[in-house]
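Residues 1326 to 1465 (our numbering) are what the sequence shown spells out, left to right.
Contents: one structure, followed by commentary.
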Amino acid sequence: MGYIKSLNKWANAHTYYPLDMLRIALGIFLFYKGVYFMSNLHLLIDLIAPIKSVVGDMMVVHYIAPAHFVGGFLIVFGLLTRWAIIAQLPILIGAVIINFVGEMQTGNLILSLSVLLICIFFLFYGSGKHSVDKYLKMQQ
């Protein structure tokens, strides 16, 4: 717990508006992907076809869309950011793996790798100074 507090203190001392905008853009993108996958379920099933035998279809479908939907919403507001990103990491790692196991699509690979790297950054950085987490902490 002390390590998390030290990370939060460092992040709050080094918070800049562009990083907050990047966090908000990441959340909006993940929220959009969640809505997109919910409305195009057949596309999501086609995407996970290369690893269909490893994991169950419906288990993955019922995890990916809601995790992107709820996680993106939480990341936009900076509420439980690290927990929301931890829920995103298996999905994003799977997105990178699918590009290598299935048909290689360079655009999707670059997109999933960049989102994965941004998520790893915010996993350590946290939600920053301009977030609901910081506001709620200051109200205590």
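All C-beta atoms in this analysis are idealised placements derived from N, C-alpha and C, irrespective of residue type, glycine included.
Predicted, not measured: the structure shown is a model, and the values here were computed from it.
What does the alpha-carbon distance come out to for the pair L1369 and Q1465?
Straight across, the Cα-Cα distance linking L1369 with Q1465 is about 42 Å.
Nearest-angstrom Cα separation, counted from I1411 out to F1312
Residue 1312 falls outside the range modelled here, since the chain spans only 1326 to 1465, and no answer is possible.
Looking at F1362: is its Cβ nearer than 8 Å to the Cβ of H1393?
With contacts defined by Cβ atoms closer than 8 Å, F1362 and H1393 form a contacting pair.
Near D1345, what residues of its chain come up, given a Cβ to Cβ distance below 7 Å and the 5 sequence neighbours on each side ignored?
So the list reads G1453, H1455, once near-sequence residues are dropped.
Would you kindly work out how many angstroms separate the C-alpha atoms of M1463 and F1402, rounded to a whole number?
Rounded to the nearest angstrom, the two C-alpha atoms are 16 Å apart.
Find the nearest neighbour of L1417 within the set Y1341, V1440, M1429, H1367, judged by alpha-carbon distance.
Shortest Cα-Cα distance from L1417 to any of Y1341, V1440, M1429, H1367 involves V1440.
Between the C-alpha atoms of T1406 and T1431, what's the straight-line distance to the nearest angstrom?
Take the alpha-carbon of T1406 and the one of T1431: they are about 29 Å apart.
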